[in-house]
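Residue numbers (full-length UniProt numbering): 1 to 152.
For every residue, glycine included, the Cβ atom is placed at its ideal position computed from N, Cα and C.
These numbers were taken from a predicted model, which means no experiment stands behind them.
See the structure below:
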């Protein structure tokens with residue numbers, strides 16, 4: 001079973017969406033997934049709203065610290081940073097096999113009216129879902145090099 005950790009700065013948007021989509025699309029017996037942040041905050045309410053549109057409820061989801069997971073000695077097959085700020089800060093987890101960086105725009109940085117913000121966050125959500133589906137297909141294909149994921 002692959003164990004996957006998604007990391008972003010606050011664990012409030014991108015990493016939460018990635019975790020939720022991996023749980024939605026992968027078989028429970030093939031992948032175990034968590035998400036965490038360097039400075040956890042509350043989940044972005046716009047993210048909660050756009051995820052509800054696709055049948056995923058994040059309203060009760062809690063954020064967590066990547067450092068708490070590290071201190072607990074958690075072991076992951078894949079540690080994926082999903083934001084530019086987190087790439088160089090990722091701790092080396094014991095037993096970690098692969099580290100990947102999948103940068104996505106920060107939903108907290110989106111500007112405009114509520115509807116404009118929701119429209120931009122929907123695009124980010126959909127991009128994250130596409131990448132998660134691609135990761136699952138790659139994982140099931142038996143390819144060993146995570147660089148095969150890059151640029152596809």
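Classify residue i as buried or exposed, calling it buried when 16 or more other Cβ atoms lie within 10 Å of its own Cβ.
i, result
"residue 45", "exposed"
"residue 68", "exposed"
"residue 26", "buried"
"residue 129", "buried"
So, for residue i: in the same chain, excluding its five sequence neighbours on each side, which residues have a beta-carbon less than 8 Å away from its beta-carbon?
i, result
"residue 108", "10, 12, 13, 44"
Do you know how far the Cα of residue j is from the Cα of residue i?
i, j, result
"residue 37", "residue 15", "8 Å"
"residue 121", "residue 56", "15 Å"
"residue 28", "residue 3", "11 Å"
"residue 141", "residue 47", "31 Å"
"residue 82", "residue 138", "18 Å"
Based on the DSSP secondary-structure assignment, which residues constitute the bridge partners of residue i?
i, result
"residue 81", "7, 101"
"residue 65", "37"
"residue 2", "31"
Over the uninterrupted alpha helix (DSSP H) stretch that includes residue i, give me the two end residues.
i, result
"residue 15", "14-25"
"residue 131", "114-141"
"residue 48", "45-52"
Taking the beta strand (DSSP E) that residue i falls in, what are its first and last residues?
i, result
"residue 31", "31-37"
For residue i, which residues of its own chain have a beta-carbon under 6 Å away from its beta-carbon, when the five flanking residues on both sides are left out?
i, result
"residue 35", "6, 11, 15, 16, 19"
Is residue i near the ligand ATP, judged by its Cβ being under 7 Å from some heavy atom?
i, result
"residue 128", "For the structure depicted, the ligand ATP is absent and the ligand set is empty, with no information on it obtainable."
Excluding sequence positions up to five away, which residues of its chain have a Cβ less than 7 Å from the Cβ of residue i?
i, result
"residue 58", "16, 20, 43, 47, 48, 51"
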